[in-house]
Amino acid sequence: MPLEVETRDGRLYVRLRVSPKAKRDRVNGIHGGALKLQVKDPPEKGRANEGVIRLLAKTLRISPREIELVSGHTSQDKRVGISGIDEATLRNRLQTQED
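Quick note: the sequence shown uses my numbering, first residue 31, plus one each step.
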């Protein structure tokens, strides 16, 4: 199933499935329409959430300020709002990451 991206109010919304305490930060494909991420940070005091934003910003080559965690602050299933990038560029940069 391809990545589900919702566009609303000039932002892109993407579902994430996050695995904290991984060996390294990485994008790990797409499952069930959600982008799978692994982050080294533990799920304590928001550190994994910070790791998610840092990894997405690096992968998409945008500022971390352009990524907002919309829901799932204490869950592995999260939703982020992304500005400063269009859907085609987002998909292209994620595809480049997977190759």
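Beta carbons: idealized from backbone N, C-alpha and C, even for Gly. Predicted, not measured: the structure shown is a model, and the values here were computed from it.
Asked                                                                                                                              : Found
Which of helix, strand or coil does DSSP assign to residue 51?                                                                     : coil
Using the Cα positions of residue 117 and residue 35, report the straight-line distance between them to the nearest angstrom.      : 8 Å
Roughly how many angstroms lie between the CA atoms of residue 69 and residue 48, to the nearest whole one?                        : 7 Å
Could you pull the start and end residues of the beta strand (DSSP E) that residue 98 belongs to?                                  : 97-101
Does the beta-carbon of residue 62 have 16 or more other beta-carbons within 10 angstroms, so that it is buried, or is it exposed? : exposed
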